[in-house]
Structures are given as structure tokens and as C-alpha cells.
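The listed protein sequences derive, respectively, from chains A and B.
Numbered by our numbering, the letters in the first sequence go through residues 3 to 196 in order.
Numbered by our numbering, the letters in the second sequence go through residues 1193 to 1436 in order.
In what follows, a structure is listed as C-alpha cells, so that the remarks can point back to it.
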Amino acid sequence: MTVDGEIQNDEAIVLRVIKGDGDAFGLLIDRYEEKLARYIRRFIQNNDDVEDILQVIFIKSYTHLQSFDTTRSFNSWIYRIAHNESVNYLKRKGNEKISFTDFFDTFFPHPFAEEESDSHAILHERKDQLEMFLNKLSPKYREVLVLYYYEDLSYQEISDVLQIPIATVGVRIKRAREALAKVLPQAMNQEVDK
Amino acid sequence: MTNLKTNILTTLKENKIHMIPRWKFILYSLTGIFGMLFLITLTVFVGSLVIFTLSRYGFLDMSFFEFITTMRNIATLPLVLILCTVVLLGLVEYGARRYAFAKKQPIMITLLVVSILVLGTSFLIGESRIHERVHRFAEEKRIPFMTRAYDRPFERPKSRDGLDIVRGVVVGTTSTSTLLRVFNGELLPVTATGTKIVPELGEDVVLFGNFSNGTFMYEKIRKAHRPPFMNGMQNGERPREINF
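What follows is the structure in C-alpha cells.
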């Protein structure tokens, strides 16, 4: 939807919703429903459960909208809610062995891992390769790869979503690539060696 | 329009869900901040009380090996206070990590920062005269819990062989004994055994030895390097030779 011919960003739409324009919230649902559904399906396969979690996410984001700082990224904020709801759902289902964290990763500082500027071609190629083997990774590594390669979030945004240090984001992506390299030796070896 | 969008927008229009007002979030934040400030203040107070007790009893004047020797008499240490400090420090760290700016730092960093800030402040307060004033105030106003926290009997049951430790200011001497005033105002007769060093009048000293029939028989002596405590020489009192 546009206002005076300009496409509004998420934060501007949030301000309109806060001021009482409930219909504007529909714009945010349009923009994020598919993205969040795709993200949640990486961890939860049941479609009904995915729908339920999506509903909870949007309702929670609406009720807590007044706590959102409009100078920050709404994208990171709603993904944070999606992450928390997915984790809560998995805990309720009794999947205690699934871990999204690593104590040593978050306990000790890492040297800063610079974000690579993957070219479009490499990114597209990697996505296809990743798709085949993503489920073989632990949720901790799967999540950062999904957020980085599929949801196109930056290291900073991933750090905001997962509430972990930026350096830890870089380390996890690097380790995830190394883990995938064992499954995709030809495709990934070149990039891992860099 | 998807089912999800229809359901949510219908729910909004029917006023079945409402936005939580901003003032509530501000209230939660303020409660959290004041709660943290209270927790930090309590931790600093308890930590500084530990430092104060260790300082006034002479523990902080010991070398490492002397500390290990005296540690055998573990009942002398304010263990409950030390344990409370550790627990409170853990709570402060846990509370600090609930904030986004701390979550994005490695745990080791926040642990170090919190420990250094809290323990550093505790050390500065413990070495000052604040606790002596608080103790005096608690005694004058007869605040029972607070006076108990400060009043510790010197002669405590030993768990193993080891030396006791006392610190005080010499306020009187005889040919065979010396009278020491400790920080809570108690007067303690001390006698040298195994050493010929006798402290002089007005000296603030730390003694290592054992209690025997109400007298402290010291084997080692050293000068206290901590700030002098207030009860050492009271109200213009002058050191003197006394018979006791």
C-alpha cells in the first residue's frame, strides 16, 4: 500500500497502527506471513502448528506494538518474536534435545567475524545446495543459515533476533558451513578455505 | 486475503485483543531498573560488610601463606556473609543478562564487568569508615539484626589446628601483658609467646596466636596497613600504662 505514491516502510506502518489504523496491520501481515511461515517450517513441519504459531506471533506483535522502538528494525523485532514462539512451541512439545544455543559459544568472546558480501550468483547457488542438506544440521546452525541465506538478514539483524553477540553469529555461520562441507565437499570446500 | 489475515483483522475489529498501553511497558522497565538498583545496592552492602569484617579482624593484612594457615580455623571467617555475597552477585549477573545490551555480550565479559564493579565498590566502602558509623548507629538505635551482623565474638571454636587472628590498637601496657582495643570496643589482654616483639602504645597491630583463659597468646605480630578504625583511641584518649 502506498501513501501519496510512496511505499511505506514497516516502521511507518507500525506508527499508523499505534495511532489507531487497525487496517494498516493487515499490510504487515501481508509482508511477513509468507516469510515467517517459511522460517518456522525449518523447525516445525506440521502445517496446522505452523498456522497456529503464526497467529500467535501476529497477535503478540499487535498487543506488544507499543513496546516497539520505531527507530529500530521491525524486521528483526518480529523475527525475534517468531524465534521465541518457535522455541516455546518445541519446548511444549517436549523436544528437549533440540538446542538453539551453545553455552561455550555465548560464554567466551570470539574475534569479530566479518560479514562476507556474497555475490548474487553465489548466494543463489548456495541456497539450492543448502536446501538439500539443511535438515541434517543442528537447529543452532540451521537457524543462522536460514536467517542469513533465506531471510536475507545481516549479521547485526541476526544478532538482534537471536540476542547473541555479532561475533558469535559469524562463528556459527562459519561452523555451519564447515558442517555442510562434510556433506557437500565439492561445492563448499572452496568457500570454507577462504 | 488469507484466512490468517482475515481472522486477525476480524479479531481486531471486534476488539477481542488490545494493544498493551505504552505506560505499562515503561512501568515494567522502571520496576526492573529499580529492582536491579536495589539488588546491586544490597550486594554492595553485603560485600562491603565482608571486606569490613575481614579488614577489622586482620585478614587483609596477611600474606597468602598466613591466610591459608588461618583458614584452617575456618569458623573465624564470615562464611554466611561470603555465601550471601556470592548468591547476590549471581542474581545481579542474571538480572543484568535480561537486558538486550548485556545479552549481546559474551557471558564472561558481563560476569567480569559485574564482578569488578560490584566487588570494587564493596572494597572501597568496606575499607572506609562507613560501616563503623552504621554499626554505631545500629547500636544507638538498637536495630537487632544489624548489630548482630557486626558483633562477632573473637574466641570462636576451632575446627582444626591453626592460629587465631586479632587486630587492635594498643591502649595499655604492663610489664607482662598488653591491652588491645578491638574494633567493636572490646578490651583484650594479649601476651607474647615465642616472640620478643611487643607492640607500642597507640600501635594498630595484627596478632596471630591462640586464646587461653581470656588472654590472647600471640606468636606473630605485624603492623596493620588498613585504615585505622574509629574505636582504636576514643574521644581524645591517650595511651597509658595500666594494671589489669
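We put the beta carbon where it would ideally sit given N, CA and C, even for glycine.
Just so it is clear, the structure is predicted and the values come from calculations on it, not from any experiment.
Whole angstroms is fine: what's the gap from residue i's alpha carbon to residue j's?
i                       : j                       : result
residue 184 of chain A  : residue 178 of chain A  : 10 angstroms
residue 176 of chain A  : residue 1296 of chain B : 19 angstroms
residue 216 of chain A  : residue 154 of chain A  : With chain A covering 3 to 196 only, the question about residue 216 of chain A has no answer from this structure.
residue 1211 of chain B : residue 95 of chain A   : 29 angstroms
residue 59 of chain A   : residue 36 of chain A   : 13 angstroms
residue 72 of chain A   : residue 1222 of chain B : 20 angstroms
residue 1283 of chain B : residue 1303 of chain B : 11 angstroms
residue 1208 of chain B : residue 62 of chain A   : 13 angstroms
residue 1217 of chain B : residue 1246 of chain B : 43 angstroms
residue 34 of chain A   : residue 1233 of chain B : 44 angstroms
residue 18 of chain A   : residue 65 of chain A   : 14 angstroms
residue 70 of chain A   : residue 1215 of chain B : 13 angstroms
residue 1379 of chain B : residue 1371 of chain B : 7 angstroms
residue 1398 of chain B : residue 1326 of chain B : 24 angstroms
residue 1230 of chain B : residue 1281 of chain B : 12 angstroms
residue 86 of chain A   : residue 1253 of chain B : 52 angstroms
residue 1291 of chain B : residue 90 of chain A   : 20 angstroms
residue 1415 of chain B : residue 1362 of chain B : 11 angstroms
residue 1335 of chain B : residue 1273 of chain B : 18 angstroms
residue 1388 of chain B : residue 1396 of chain B : 17 angstroms
residue 139 of chain A  : residue 1313 of chain B : 46 angstroms
Does the distance from the CB of residue i to the CB of residue j come in under 7 angstroms?
i                       : j                       : result
residue 1381 of chain B : residue 1407 of chain B : yes
residue 1236 of chain B : residue 1270 of chain B : no
residue 56 of chain A   : residue 30 of chain A   : no
residue 1202 of chain B : residue 1238 of chain B : no
residue 168 of chain A  : residue 157 of chain A  : yes
residue 1383 of chain B : residue 1367 of chain B : no
residue 1204 of chain B : residue 22 of chain A   : no
residue 76 of chain A   : residue 173 of chain A  : no
residue 1318 of chain B : residue 1404 of chain B : no
residue 52 of chain A   : residue 43 of chain A   : yes
residue 78 of chain A   : residue 159 of chain A  : yes
residue 1285 of chain B : residue 1306 of chain B : yes
Does the beta carbon of residue i sit closer than 7 angstroms to a beta carbon anywhere in chain B?
i                      : result
residue 78 of chain A  : no
residue 75 of chain A  : no
residue 175 of chain A : no
residue 67 of chain A  : yes
residue 141 of chain A : no
residue 38 of chain A  : no
residue 18 of chain A  : no
residue 61 of chain A  : yes
residue 156 of chain A : no
residue 88 of chain A  : no
residue 55 of chain A  : no
residue 24 of chain A  : yes
residue 28 of chain A  : yes
residue 165 of chain A : yes
Output yes if chain A places a C-beta closer than 7 angstroms to the C-beta of residue i; else output no.
i                       : result
residue 1204 of chain B : yes
residue 1274 of chain B : no
residue 1518 of chain B : Because chain B is modelled from 1193 through 1436, residue 1518 of chain B falls outside the range shown and cannot be assessed.
residue 1388 of chain B : no
residue 1211 of chain B : yes
residue 1137 of chain B : Residue numbering for chain B in the displayed model covers 1193 to 1436; residue 1137 of chain B lies beyond these limits and cannot be assessed.
residue 1270 of chain B : no
residue 1296 of chain B : yes
residue 1218 of chain B : no
residue 1290 of chain B : no
Could you check if residue i is buried or exposed, using at least 16 other CB atoms within 10 Å of its CB as the buried criterion?
i                       : result
residue 144 of chain A  : buried
residue 1206 of chain B : exposed
residue 1168 of chain B : Residue numbering for chain B in the displayed model covers 1193 to 1436; residue 1168 of chain B lies beyond these limits and cannot be assessed.
residue 41 of chain A   : buried
residue 1255 of chain B : exposed
residue 1386 of chain B : exposed
residue 1279 of chain B : exposed
residue 32 of chain A   : exposed
residue 1298 of chain B : buried
residue 148 of chain A  : buried
residue 1342 of chain B : buried
residue 1198 of chain B : exposed
residue 28 of chain A   : buried
residue 1200 of chain B : buried
Residue i versus chain E: which residues are under 7 angstroms apart at the beta carbon?
i                       : result
residue 1194 of chain B : You won't find chain E in this structure, because its protein chains are A and B.
Ignore the nearest five residues each way along the sequence and tell me which others in residue i's own chain have a CB closer than 6 angstroms to its CB.
i                       : result
residue 82 of chain A   : 163
residue 1402 of chain B : 1356, 1409
residue 1323 of chain B : 1244
residue 1315 of chain B : 1243
residue 12 of chain A   : 76
Spatial neighbours of residue i within its chain, please: C-beta separation below 7 angstroms, excluding the five flanking residues on both sides.
i                       : result
residue 1333 of chain B : none
residue 1228 of chain B : 1287
residue 88 of chain A   : 42, 45, 46, 55
Please list, in chain order, all residues of the same chain as residue i whose beta carbon is under 8 angstroms from its beta carbon, the five residues on each side excluded.
i                      : result
residue 136 of chain A : 44, 144, 147, 148
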